[in-house]
Amino acid sequence: MMNDKKITSFIALPDLLSMLNASSGYLSILLSIDGSLNAACILMLLAVLFDSLDGWVARKTGRIDIHGFGKNMDSLSDVISFGVAPAILIYSAAVDFRYINILVGPLIVLCGILRLSRFNVLTGGGKNFTGLPIPVAAVTISSFYLTGFYSELSAAFIMIAVSVLMISSIEYPRVDGMGASTALILIIATIISVAAVEILQAASVVAGPVAIILFIATLTYIAVPILPKRDVI
């Protein structure tokens, strides 16, 4: 029926959160181009929050995504916020090694697209993700920049590793329950503390340490599945 083709008939509440995700990613890109890199990082982390919430809302509302509209909305938004936005950030932050980040940027975007495409065609949820989830790319680069210890070469190396891990077959655990709550609290705390510095010109005593904790927690999540497993006697 014609009514079934109206765009409004496809959109549900979780899709509005996906739109906020995409909008945050787009604004992050603009801010990176403008040179407002702290603000760009805040918007990237906001996109991660919206991405987390759309899945939670979908489960709570019992959404049945018959046509795959929600999955496609989520993936397309993720490409903007967690693929393109991090790539633009590392390029904009580069001074001495910009030519390296010209190459690293497309790698992040392409590996992110491949990661999402594979995720969309694989059936079943399971307890693990195959390959590093793409939002981790955004959390990694934004938290690293906000630590105050950002290094162009280190950022390039880290993001190359993140890109390769996204398209790997390594199993990464789904973060839920207490782990998810802790991660979201860290992200929110980082957003608030950095925003206080940017908007209120407050002291940055809290912002740096919170970003460092978030960065270390993210690196731990990335590293644990690839570390050698020790046999328990």
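Position 230 of the sequence shown, counting from 1, maps to 251 under my numbering, and the rest follow consecutively.
For glycine and all other residues, C-beta sits at the position ideal for the given N, C-alpha and C.
As assigned by DSSP and simplified to three states, the class of residue i
| i | result |
| --- | --- |
| Tyr1 | The question about residue 1 has no answer, for the chain in this structure spans 22 to 254. |
| Ala224 | The predicted position of Ala224 is uncertain, since its pLDDT is 45 and thus under 50; a value taken from the coordinates is nonetheless stated next. Coil, per DSSP. |
| Tyr171 | coil |
| Ala159 | helix |
| Phe118 | coil |
| Pro249 | coil |
| Ile188 | coil |
| Met23 | At Met23, the pLDDT of 43 sits below 50, so the modelled position is not reliable; the number obtained from the coordinates is stated separately. DSSP places Met23 in helix when its eight states are reduced to three. |
| Leu143 | coil |
One or two residues paired with residue i in a DSSP bridge
| i | result |
| --- | --- |
| Phe150 | Tyr193 |
Residue range of the alpha helix (DSSP H) that includes residue i
| i | result |
| --- | --- |
| Phe103 | Per DSSP, Phe103 belongs to no alpha helix (DSSP H) and is neither H nor E. |
Whole-angstrom distance between residue j and residue i, CA atom to CA atom
| i | j | result |
| --- | --- | --- |
| Ile85 | Leu41 | 21 Å |
| Pro127 | Tyr120 | 12 Å |
| Gly56 | Val215 | 16 Å |
| Val160 | Val142 | 25 Å |
| Val183 | Ile129 | 8 Å |
| Phe165 | Asp95 | 25 Å |
| Ala158 | Leu38 | 20 Å |
| Ala244 | Ile54 | 31 Å |
Cβ of residue i within 8 Å of any chain C Cβ
| i | result |
| --- | --- |
| Asp55 | As a matter of chain content, chain C is missing from the structure shown, which is built from one protein chain. |
What alpha helix (DSSP H) runs, 4 residues minimum, are completely inside the region 28-94? 34-55, 58-81
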